[in-house]
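The listed protein sequences correspond, in order, to chains C and Z.
Per the numbering used here, the very first residue in the first sequence carries number 324; after that it's consecutive.
Per the numbering used here, the very first residue in the second sequence carries number 1074; after that it's consecutive.
Following: one structure in structure tokens, then a few remarks.
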Amino acid sequence: MRAGLALEAHGLVKSFDGNPAVRGIDLAVPEGAIYGILGPNGAGKTTTLRMLLGIIEPDSGHRVLLGHERPLEAARIVGYLPEERGLYPAMSTREAIAFMGALRGLPLETGRKRAEILLRENGLGDYVDKPIKSLSKGMAQTIQLFGTIVHKPKLVVLDEPFSGLDAINQGRLEHLIRDEAAAGTTVIFSTHVIHHAERLCERIAIIAGGRIRFEGPVSEARDRLRPQVRLKTRNADGAWRGALPGDAAEAGGHWQFELPKAGIEPLLKALIDGGAGIEELSIERRGLHDAFVAIAGEAAAREMETGMAADLGEAA
Amino acid sequence: MMSVFEAAWVIARRDFVAQVYSRNFVLFLIAPILLFGFAVFVGSQTERVGNQPVVALVTDSATADALNIARTRLVAATSDTAFPEFRALNPAEDVRVQARALLADEEAAYSAVLSGTLERPVLTGPERVDEFTGRRVQLVVEEARRTAALEAARAQPRGGPIVRDVTQNAAGNLQMLRRLLARLGQTLIFTVTIMLATLSLSTLVEEKSNKIIEVLAAAVPLDSVFLGKLLAMLGISLVGLSVWSGIAGLAFTFAGLATDWVNLPDVSPAIGWPAWIALLLLYYAANFMVLASLFLGIGAQASNIREIQTISMPVVLLQLMVLLLAMNAIGGENETLAWAAYLVPFSSPLAMAAYGAQYEALWPHLLALAWQAFWVFVIIRLSARLFRATVLKSASGGSFLGFLRPWRRRTDAA
């Protein structure tokens, strides 16, 4: 394993009943990073995370988790929030958090104390002795998240952590992820909602069809696309039109096109000389969504948008 | 990484506490006591109603008296239920017709009608009567004839009663009593196990339905999940056993039976009471672990309670087969079957509990317990691998002896 990496995977392959789910995944997650794994539903994100954590074994390939080739050997310093949340309904919130810590080697009494602190710090002090079955879905999810970090892991893996949370809890979770990263914990999370990754991650992997389509810093993903120019002119026609790039398109009185490779200055000069009468001109860096479309394809992006709409509807 | 045993302890503690502090646990403790109380009550009522056949005596009163006296004498030497009950009736003009009318009377419910005299008795009834009631009636008639003959001759039977020369033991008796003890021990272990081990079929359903299994599988080896659940259930069953034995002890004390119990030195098992009771406990634990690990493995494959219910019946039948096999070990008449009972892991604890009652050697028990523990390990390991492969859809559960990896590492480091 290379130094400075919390997790490294090479050539992970997994099929279920002959259907390939993951077709050869390579990952390298730096220590202390917030790392997003993006992809539409069914892209292979959960299967990848399960293989990384040793819940399932890959058909081929190997992974190294915090220096351990057998992921369970690193269990004490890893936290995992699965996509399908699971808690014992009759347990109190404190006991549930402490139990999850105990599974990772944290003494039960220490777990109970830390659970109380976590609950009180997050405004849930009144729920310390309440059974899980009496909580709302979002609150139970928060409890499970506390159980994931109660033993102070070095690596936290969250599978679709924002799914099912309302806007307030999503904000709280983002805050918590930043806090963990600030404390030196590596956070890996999967999501099909791009804006979470855009706000939180330093590096991302885009998965589609069981393959990594991009792996690297978010800025690098964005830089794959040239910035977008938006232009509004006083004059609808004139010699300046000949200076516009071939991909320029007009919509709602604005022209939009990619920033020419030669830069904005030659274009600006041509527009002024051609008598365009520039009213507005902006150069916008492309968002991660556009980068995702360019990398994973339109179909994958549509699936992501469908998933995002469902999540936003749920949050509303 | 926590060792399998550390992780199993975490799982076991959670399961044990969750079970013991649930309201259902009170029901779990009370139900067998209620069942036992009900069985005792029904049993006592059944005995009171009487189950032996009733024979109508349609004879003159002197013959009826002679028959009743003879019956009373035979009953005193055996038991009240060993001979049919006699009910004397006045003979009608046509005894043959009367006998048929009596046998047709559903309310009186006679099994047979005895008419005639001691010299020429006639037993009327269905053919089956000859095989069951007939032989006993014949004995009563012969006893009555013998008494009548002695009275007629004004004679006494020659010789006195048997003089008793008391010894400590008799090999035949001891063997018989120890076999009885062996059977009792087996039945006890079997009954408690059948009540409790079957519960393990549904133990993993909660984890699967609540999706907790993934949290567990990501944190600890699956073997420790299985082992922890088994240990928790064993602990719960031992709590149950302690409560039930305590209540039984109190009941015996109040019923004045405790003194009788203490006065049973002649039926001590071959290895002595303390060692045998300790072995019964150990073999109960072994029997529970072997069977419950199998049931847990089977139950883990089921995805809901309905599937569990479907597989419950074959599982109970399997337990009965195991008991039958283990019973063959008692006495050891069929040596091959006895060895099979000792060696088959599912019948081994029952067969060896019986062995302890009959034979003095202790070392076979050490071997047997080690053998049974080995099979618990094998079954848990296989169940976990199967669970990983079929339920978690993982290609492999790691090497078979991966169970020992943390231990090996510590040894290497040392």
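Beta carbons: idealized from backbone N, C-alpha and C, even for Gly.
Just so it is clear, the structure is predicted and the values come from calculations on it, not from any experiment.
Per DSSP, P412 of chain C is paired with what? Counting from 1 along the first sequence, the entry for residue 412 of chain C is found at position 89. DSSP lists no partner for P412 of chain C.
Count the C-beta pairs between the region 1296 to 1311 of chain Z and the region 1083 to 1100 of chain Z that are closer than 8 Å, then say yes if the count reaches three, no if not. yes
Let's test the definition: count the other Cβ atoms within 10 Å of the Cβ of E434 of chain C and tell me whether it reaches 16, buried, or not, exposed. As a position in the first sequence, residue 434 of chain C is number 111, starting the count at 1. Looking at the sequence provided, one finds Gly at residue 434 of chain C rather than Glu. It is buried - the Cβ of G434 of chain C has at least 16 other Cβ atoms within 10 Å.
Compile a chain-ordered list of the residues in the region 1264 to 1296 of chain Z whose CB is closer than 8 Å to at least one CB of chain C. E1279, E1280, N1283, K1284, I1285, I1286, E1287, V1288, L1289, A1290, A1291, A1292, V1293, P1294
Identify which residue in C:D570, C:I466, C:G367, C:W563 has its Cα closest to the Cα of K346 of chain C. Position 23 of the first sequence holds residue 346 of chain C. With the sequence shown as reference, residue 346 of chain C is identified as Arg, and Lys is not the correct amino acid for it. Checked all of C:D570, C:I466, C:G367, C:W563; the closest Cα to R346 of chain C is C:G367.
Skipping 5 residues on each side, what residues in its chain have a beta carbon closer than 7 Å to that of A1081 of chain Z? Mapped onto the second sequence, residue 1081 of chain Z falls at position 8. These residues qualify, in order along the chain: S1297, L1300, G1301, L1304.
Given that a residue counts as buried once 16 or more other Cβ atoms are within 10 Å of its Cβ, and exposed if not, what is V541 of chain C? As a first step, residue 541 of chain C must be located in the first sequence, where it is residue number 218. V541 of chain C comes out buried.
Could you tell me whether the Cβ of W1346 of chain Z comes closer than 8 Å to any Cβ of chain C? Stepping through the second sequence from its first residue, residue 1346 of chain Z is reached at position 273. No - not a single Cβ of chain C is within 8 Å of the one on W1346 of chain Z.
Is T556 of chain C helix, strand or coil by DSSP? On the first sequence, residue 556 of chain C is found 233 positions in, with the first residue counted as 1. Looking at T556 of chain C - three-state DSSP - the assignment turns out to be strand.
Does DSSP classify G367 of chain C as helix, strand or coil? Translated into positions along the first sequence, residue 367 of chain C becomes position 44. Coil, per DSSP.
Under the three-state reduction of DSSP, which class applies to Y1357 of chain Z: helix, strand or coil? Reading the second sequence from its first residue, position 284 is the one you call residue 1357 of chain Z. Helix, per DSSP.
Which value, in whole angstroms, describes the spacing of the CA atoms of P394 of chain C and G1110 of chain Z? In the first sequence, the residue the question calls residue 394 of chain C occupies position 71. In the second sequence, the residue the question calls residue 1110 of chain Z occupies position 37. Looking at the two C-alpha atoms, the distance is approximately 54 Å.
Looking at C-alpha atoms only, which residue of C:G359, C:I420, C:G355 is the closest neighbour of R526 of chain C? Sequence index remark: in the first sequence, residue 526 of chain C carries index 203 (1-based). When only C-alpha atoms are compared, the closest one is C:G359.
Where N1407 of chain Z falls, given that 16 or more other Cβ within 10 Å makes a residue buried: For this step, residue 1407 of chain Z is matched to residue 334 along the second sequence. Looking at its Cβ environment, which holds fewer than 16 other Cβ atoms inside 10 Å, N1407 of chain Z is exposed.
is_contact[K1466 of chain Z, chain C] using C-beta, thresh 8 Å: In the second sequence, counting from the first residue as 1, residue 1466 of chain Z sits at position 393. So yes, K1466 of chain Z belongs to the interface.
Give me the chain Z residues within the contact set of Y403 of chain C, using Cβ-Cβ distance strictly less than 9 Å, ordered along the chain. As a first step, residue 403 of chain C is located in the first sequence; it is residue number 80 there, counting from the start. Result: E1287, V1288, A1291, A1292.
Mind checking N1360 of chain Z: buried by the 16 CB within 10 Å criterion, or exposed? Residue mapping note: residue 1360 of chain Z aligns to position 287 of the second sequence, counting from 1. Buried, because 16 or more other Cβ atoms sit within 10 Å of the Cβ of N1360 of chain Z.
Given 8 Å, three or more beta-carbon pairs between the region 408 to 418 of chain C and the region 566 to 586 of chain C: no
Does DSSP put K1466 of chain Z in a helix, a strand or coil? Numbered from its first residue, the second sequence carries residue 1466 of chain Z at position 393. K1466 of chain Z: coil per DSSP, three-state reduction.
When C:V479, C:E406, C:F339 are compared against K1284 of chain Z, the one with the closest alpha-carbon: Within the second sequence, the letter at position 211 stands for residue 1284 of chain Z. Ranking the options by Cα distance to K1284 of chain Z, first place goes to C:E406.
Whose Cβ in chain Z lies nearer than 7 Å to the Cβ of Y358 of chain C? Locating residue 358 of chain C in the first sequence gives position 35, counting from the first residue. Within chain Z, no residue comes near Y358 of chain C; the closest Cβ sits about 18 Å away, beyond 7 Å.
Is there at least one Cβ from chain C nearer than 8 Å to M1075 of chain Z's Cβ? Looking up residue 1075 of chain Z in the second sequence gives position 2. Yes, contact with chain C.
Take V1417 of chain Z and list the residues in its own chain whose beta-carbon comes closer than 7 Å to its own, dropping the five residues that flank it on each side. Counted from its first residue, the second sequence places residue 1417 of chain Z at position 344. Here the set comprises L1398.
Grouping DSSP H, G and I as helix and E and B as strand, with all else coil, what is H1438 of chain Z? What you label residue 1438 of chain Z is simply residue 365 of the second sequence in a count that begins at 1. Helix.
Closer than 7 Å by beta-carbon distance: list the chain Z residues that pair up with R408 of chain C, in chain order. In the first sequence, the residue the question calls residue 408 of chain C occupies position 85. Neighbours of R408 of chain C on chain Z, chain order: K1284.
When you compare the CB positions of I451 of chain C and L441 of chain C, do they come within less than 8 Å of one another, or not? For the purposes of this step, residue 451 of chain C is identified with residue 128 of the first sequence, where counting begins at 1. For the purposes of this step, residue 441 of chain C is identified with residue 118 of the first sequence, where counting begins at 1. One detail in the question is off: residue 451 of chain C reads as Val in this sequence, not Ile. No, the Cβ-Cβ distance between V451 of chain C and L441 of chain C is not below 8 Å.
Closer than 8 Å to chain C by CB, V1083 of chain Z: As a first step, residue 1083 of chain Z must be located in the second sequence, where it is residue number 10. Output row for V1083 of chain Z: interface = yes.
Between which two residues does the beta strand (DSSP E) carrying L1191 of chain Z extend? The residue labelled residue 1191 of chain Z in the question sits at position 118 within the second sequence. Neither: L1191 of chain Z is in no beta strand (DSSP E) and is coded neither H nor E.
So, is H385 of chain C buried or exposed, given that buried needs 16 or more other C-beta atoms within 10 angstroms? What you label residue 385 of chain C is simply residue 62 of the first sequence in a count that begins at 1. So H385 of chain C ends up on the exposed side.
Checking 8 Å against the spacing of the C-beta atoms, do G424 of chain C and H474 of chain C come in under that value? Taking the first residue of the first sequence as 1, we reach residue 424 of chain C at position 101. Taking the first residue of the first sequence as 1, we reach residue 474 of chain C at position 151. Yes. Within cutoff.
Can you give the beta carbon distance from K477 of chain C to L350 of chain C, rounded, assuming they're within the 8 Å contact cut? Translated into positions along the first sequence, residue 477 of chain C becomes position 154. Translated into positions along the first sequence, residue 350 of chain C becomes position 27. Actually they are not in contact, since the Cβ atoms of K477 of chain C and L350 of chain C sit about 17 Å apart, beyond 8 Å.
Nonlocal neighbours in the same chain, by C-beta distance under 7 Å from G1258 of chain Z, ignoring five residues either side: As a working mapping, residue 1258 of chain Z is identified with position 185 in the second sequence. Same-chain partners within the cutoff: L1353, A1426, A1427, A1430.
With DSSP as the reference, label R534 of chain C as helix, strand or coil. Within the first sequence, residue 534 of chain C is the residue found at index 211, counting from 1. In the structure shown, R534 of chain C sits in a strand (DSSP, three-state: E or B).
Taking the continuous alpha helix (DSSP H) assigned at T465 of chain C, which residues delimit it? Looking up residue 465 of chain C in the first sequence gives position 142. T465 of chain C -> alpha helix (DSSP H) spans 460 to 472.
Which runs of the alpha helix (DSSP H) at least 4 residues long sit entirely within the region 1234 to 1315 of chain Z? Give them in chain order. 1244 to 1269, 1278 to 1282, 1285 to 1292
Counting C-beta neighbours from all protein chains within 10 Å, is the total for F512 of chain C 16 or more, i.e. buried, or is it exposed? The sequence position of residue 512 of chain C within the first sequence is 189, counting from 1. The residue in question, F512 of chain C, is buried, as its Cβ has 16 or more Cβ neighbours within 10 Å.
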